[in-house]
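Take a look at the structure below.
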Amino acid sequence: MSWHDAIPNPGALAVVQRNFGVWRKLLLPSMLGNFGDPLLYLLALGYGLGHFVGHMDGMPYITFIASGIVASSVMNTASFEGLYSAFTRMSAQHTYAAMLATPLRVSDILAGEVLWAAIKGLISAIAIIIVASFFGAIQGPWVWLSIPVIFLSGMSFGSLALVITAMARSYDFFMYYFTLAVTPMFLFCGVFYPLHSLPAFAQDIAQVLPLTHAVALLRPLLTGQLPQEVLYHLGVLLLYTVIPYLIAWRLLVRRLLR
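Position one of the sequence shown corresponds to residue 2 (this note's numbering), numbered consecutively onward.
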């Protein structure tokens, strides 16, 4: 197959529709899982730790952390969807094999999964934004501009997760990704404190991680400001969408069509 075959057809939307139909039957428990933990972080750290921290970067700590929690929620939700849920469809339920018996191609399945991971991340983020708004932690005229940023971020994390899924032989394999990638990003990409508080070498490492750029865009937009270096941050997130997508496509072609 040539790289031209990696370009999906509109059939990718059928994959999204199929996943939505299944998810709709589990709507309530899925929503609770998607924003339950972020809400606890927001309350425990925003109010509990915020009582001692006070202000950070010129804003109340609960406001500072709320935007970071939105970004990390997108990462966690899209990653989970691209890992556990996608692996279940591929290996346990053999849904991908059934899809390939139709006119759908590997690129259609993969693109549909990336889009669905982004949609799940968007749903989770909007839920957090609504809840945080009641606490006054999300405000300003630019909140609506965060929607495309959240969606692009979800595609980035979904694409990365699907690379791991394409290589995985069991669910246990995903713990490596969470330990080596997701958790370090959660802790060191500006969710809980500004990057300039880190040593210089750690700041340089953080700059190559996608969550850093998602936070850099979302924090201003969700606190009534406009972000700086917008094209740079969007470009990094786009690269983290396209390059992992192509890698995942190549790996899945070998795995599903061998």
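By construction, the Cβ of each residue, glycine as well, lies at the ideal position given by its N, Cα and C atoms.
- Residues of the same chain with a CB within less than 7 Å of the CB of L210, apart from the 5 flanking positions on each side, are M186, C190 in chain order.
- If you draw a straight line from the Cα of F202 to the Cα of S171, it comes to about 35 Å.
- M57 is bridged by DSSP to M60.
- H214 counts as buried, since at least 16 other C-beta atoms from the protein chains shown sit within 10 angstroms of its C-beta.
- In this structure, L161 and Y241 form a Cβ contact; the two beta carbons are roughly 6 Å apart against a cut-off of 8 Å.
- Apart from sequence neighbours up to five positions away, the residues of its chain that approach L43 with a beta-carbon distance below 8 Å are I63, I66, A67, I70, I129, V132, A133, F136, A138, ordered along the chain.
- Here DSSP, grouped into helix, strand and coil, assigns Q18 to helix.
- Here Q208 carries a coil assignment [DSSP, helix/strand/coil].
- Under the three-state reduction of DSSP output, T180 falls in the helix class.
- Take the alpha-carbon of A217 and the one of A102: they are about 43 Å apart.
- S80 sits away from F21, with the two beta carbons spaced by 8 Å or more.
- Closest option to I120, judged by alpha-carbon separation, among A182, F179, L14: L14.
- Under the three-state reduction of DSSP output, T224 falls in the strand class.
- Put simply, the backbone Cα of L146 is about 28 Å away from that of I8.
- Exclusion of the five residues before and after Y178 leaves S80, L84, A162, I165 as the residues of its chain whose Cβ lies within less than 8 Å of its Cβ.
- Taking all protein chains shown into account, R259 has fewer than 16 neighbouring C-beta atoms within 10 Å of its C-beta and is therefore exposed.
- Within the same chain, M57 come within 8 Å of Y194 by CB-CB distance, once the 5 residues on both sides are set aside.
- Looking at the DSSP output, Q140 shares a beta bridge with T224.
- Straight-line spacing of the CA atoms in V254 and V107 works out to 6 Å.
- Proximity to L239 across V115, Y48, T96 peaks at V115, based on C-alpha coordinates.
- Under the three-state reduction of DSSP, V115 is assigned to helix.
- By alpha-carbon distance to T184, the top candidate from S73, G113, R256, A98 is S73.
- A direct Cα-to-Cα measurement between A93 and T78 gives close to 20 Å.
- Counting only the Cα atoms, G113 lies some 5 Å from V17.
- Burial state of D205 is exposed, judged by a 10 Å Cβ sphere holding fewer than 16 other Cβ atoms.
- Taking C-alpha positions only, V231 is separated from Q208 by approximately 14 Å.
- Nearest Cα to R251 within the set A167, L223, P228: A167.
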